[in-house]
Amino acid sequence: MTDMNVQVMKKIVESKYVYSFLRDPSAIIGTTIMVIFIFAALFAPVLSPMDPYDLEKIDLGNFLIPPAWMDGGSFQFPLGTDDQGRGILSTILYGLRTSLFVGFSVVVISTIIGIVLGMLAGYYGGILDSFVMRMADTVFAFSTTLLAVLLLGVFESRGLWTVVLAICIADWVKYARTIRGSVLEIRDNAYVVAAKASGAKDFRILFRHILPNALPPIFVVLAVDLAVVIMLEATLSFLGVGVPITEPSLGMMIAIGKNYIYAGMWWMILFPGATLILLVVAINLFSDWLRDELNPKLAR
């Protein structure tokens, strides 16, 4: 390892964020769970005992097998099977891929849209600011879930990207409002005024001087919003308007499992529900730590 690499690693270890993170058990636990779930989702085809959406491997004779430790269970299906003979464990692993794909896709796209619109509105003000904020107020007047349901009802095609698009249309507002507020505080600072006086272009001022100083609140919103979007995707799938039935989804598993809960097939709803809750709690634990670190008022 070169001297430069050693110095970089030393600075990382001595960083106040790393020091704070290592002293926060909740943040460590949340991050660990998140990493495990992300790893499981990425390598689902390798880790899962079967592909639950390969029709050649599904046997209806494995209908509603209980978990392996119960009478009638099988170690081939550690968490039991559903009403179509698919292993619950395998379906959960594939469902995690859907939840995380939708979650990360929505927050990335919504962040980009919100940052661009919010920065332009806050920096230039005037008619542009009024137009963007009135548009944001209109979207914000509706429940995100209700608006997503309405949009999915309008779209003709159904698929993962349709769900992502519908949620993005309803989700960009919080990013635009947050970045606009930060820009309004920063645009009159001395270094921005000096950049304007030196003849710097607006693009350079926005992305070189304003954006880096306006990003910390966005990171907090992004971390919190990831959990919200994952829950929203599960809710839409539970209601039957989310991803198509050919796609794995934790919300759809819960929707199917509720039809069998009173018949004693509790594993169909317990395991996907617990996975979804654990994922959301882990993200919230990490976002709480991030909020405390990046919020100057809380730091003081």
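Quick note: the sequence shown uses my numbering, first residue 11, plus one each step. Glycine included, each C-beta is placed from N, C-alpha and C at the ideal position. For clarity, every value in this text was computed on a predicted model and none was experimentally measured.
Query                                                                                                                                                                 : Result
Assign Arg144 to one of two classes, buried (16 or more other C-beta atoms within 10 Å of its C-beta) or exposed (fewer than that).                                   : exposed
Using three-state DSSP, classify Thr256 as helix, strand or coil.                                                                                                     : coil
What's the C-alpha gap between Trp276 and Ser140?                                                                                                                     : 52 Å
With a threshold of 8 Å on Cβ separation, who are the neighbours of Ser36 within its own chain once the five nearest residues in sequence on each side are excluded?  : Leu295, Asp298, Trp299
From Leu130 to Val116, what distance separates their C-alpha atoms?                                                                                                   : 21 Å
Inspect the CB distances between the segment 195–208 and the segment 102–119 and report whether three or more fall short of 8 Å.                                      : no
Can we say the segment 252–264 touches the segment 82–89, given the rule of at least three CB pairs closer than 8 Å?                                                  : no
How big is the Cα-Cα spacing for Leu127 and Ile119?                                                                                                                   : 12 Å
Is there at least one non-hydrogen atom of the ligand FMN closer than 7 Å to the beta-carbon of Ile38?                                                                : Of the ligands one can find in the structure shown there are none, so the ligand FMN has no counterpart to examine.
Bridge partners for Ser84 per DSSP, in chain order?                                                                                                                   : Phe87
Would Val193 and Ala224 be called neighbours here (beta carbons separated by less than 8 Å)?                                                                          : yes
Judging by CA-CA distance, which residue of Val290, Ala273, Leu304 is the nearest neighbour of Thr41?                                                                 : Val290
State the CB to CB distance for the pair Val230 and Ile215, rounded to an integer number of angstroms; the pair is presumed to be in contact (CB under 8 Å).          : With 8 Å as the limit, Val230 and Ile215 do not qualify as a contact, their Cβ atoms being about 24 Å apart.
From the DSSP secondary-structure annotation, give me the bridge partner or partners of Gly97.                                                                        : Thr91
Rounded to whole angstroms, how far is the Cβ of Ile196 from the Cβ of Ile228, which I believe are closer than 8 Å?                                                   : The Cβ separation is near 13 Å, so there is no contact.
Looking at Ala180 and Leu162, is the spacing between their C-beta atoms short of 8 Å?                                                                                 : no
Just the C-alpha distance for Asp302 and Phe31, rounded to the nearest angstrom, thanks.                                                                              : 11 Å
Return the chain-ordered list of same chain residues with a C-beta closer than 6 Å to the C-beta of Pro59, the five sequence neighbours on each side being excluded.  : Gly97, Ser100
With a threshold of 8 Å on Cβ separation, who are the neighbours of Thr155 within its own chain once the five nearest residues in sequence on each side are excluded? : Leu242, Thr245, Leu246
Ala5: which of Ile75, Val174, Tyr133, Lys184 sits nearest, CA to CA?                                                                                                  : Summary: the structure shown does not reach residue 5, with the chain confined to residues 11 through 310, and so no result is reported for it.
Among Asn269, Ile293, Phe281, Ala176, which has the Cα closest to the Cα of Leu232?                                                                                   : Ile293
Quick one: which unbroken alpha helix (DSSP H) runs of 4-plus residues sit fully inside the segment 108–158? Chain order, please.                                     : 136–150
To the nearest whole angstrom, what separates the beta carbons of Gly135 and Ile189, a pair I think is in contact under 8 Å?                                          : The pair is not a contact, with the Cβ atoms about 14 Å apart (cut-off 8 Å).
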